[in-house]
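These notes are about the structure you will find just below.
In our numbering, the protein residues as written are 101 to 177.
Structure representation (structure tokens):
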């Protein structure tokens, strides 16, 4: 499996500190979390990080809410 870039790993760590692990968070809130954590400098940067996480199977979106894929056993550092 292709490794996550460092910014995507940081984005995943930031999202894990939110409700994305249980009921998910809105995509808008997810981008805000990444900007606040200095992971996504702009809305586009944060959106790109989320897209990378989706392509790698770490997060998924349902009805506009971002959820973290569990188990955390996915390890492609």
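Just so you know, even glycine gets a beta-carbon here, dropped at the ideal spot from N, CA and C.
Inset, instruction - Tell me, to the nearest whole angstrom, how far the beta carbon of residue 150 is from that of residue 159; I am working on the premise that it is less than 8 Å. - result: By one-based count along the chain shown, residue 150 stands at place 50. By one-based count along the chain shown, residue 159 stands at place 59. Approximately 7 Å separates the beta-carbon atoms of residue 150 and residue 159; this is inside 8 Å, confirming the contact.
Inset, instruction - Look at the alpha carbon of residue 137 and the alpha carbon of residue 130, and state the distance between them as a whole number of angstroms. - result: If you number the chain shown from 1, residue 137 lands on position 37. If you number the chain shown from 1, residue 130 lands on position 30. Straight-line Cα distance between these residues: approximately 11 Å.
Legend entry - Inter-residue spacing [alpha-carbon to alpha-carbon] between residue 128 and residue 135: Residue 128 sits at position 28 when you count from the first residue of the chain shown. Residue 135 sits at position 35 when you count from the first residue of the chain shown. Each residue's Cα considered, the two are about 11 Å apart.
Inset, instruction - Could you work out which residue in 156, 133, 155 is closest to residue 119 when comparing CA atoms only? - result: Residue 119 sits at position 19 when you count from the first residue of the chain shown. Nearest of 156, 133, 155 to residue 119, Cα basis: 133.
Inset, instruction - Return the first residue and the last residue of the alpha helix (DSSP H) that residue 136 is part of. - result: To locate residue 136, count along the chain shown from 1; it is residue 36. Looking at the DSSP string, the run of the alpha helix (DSSP H) that includes residue 136 is 127-136.
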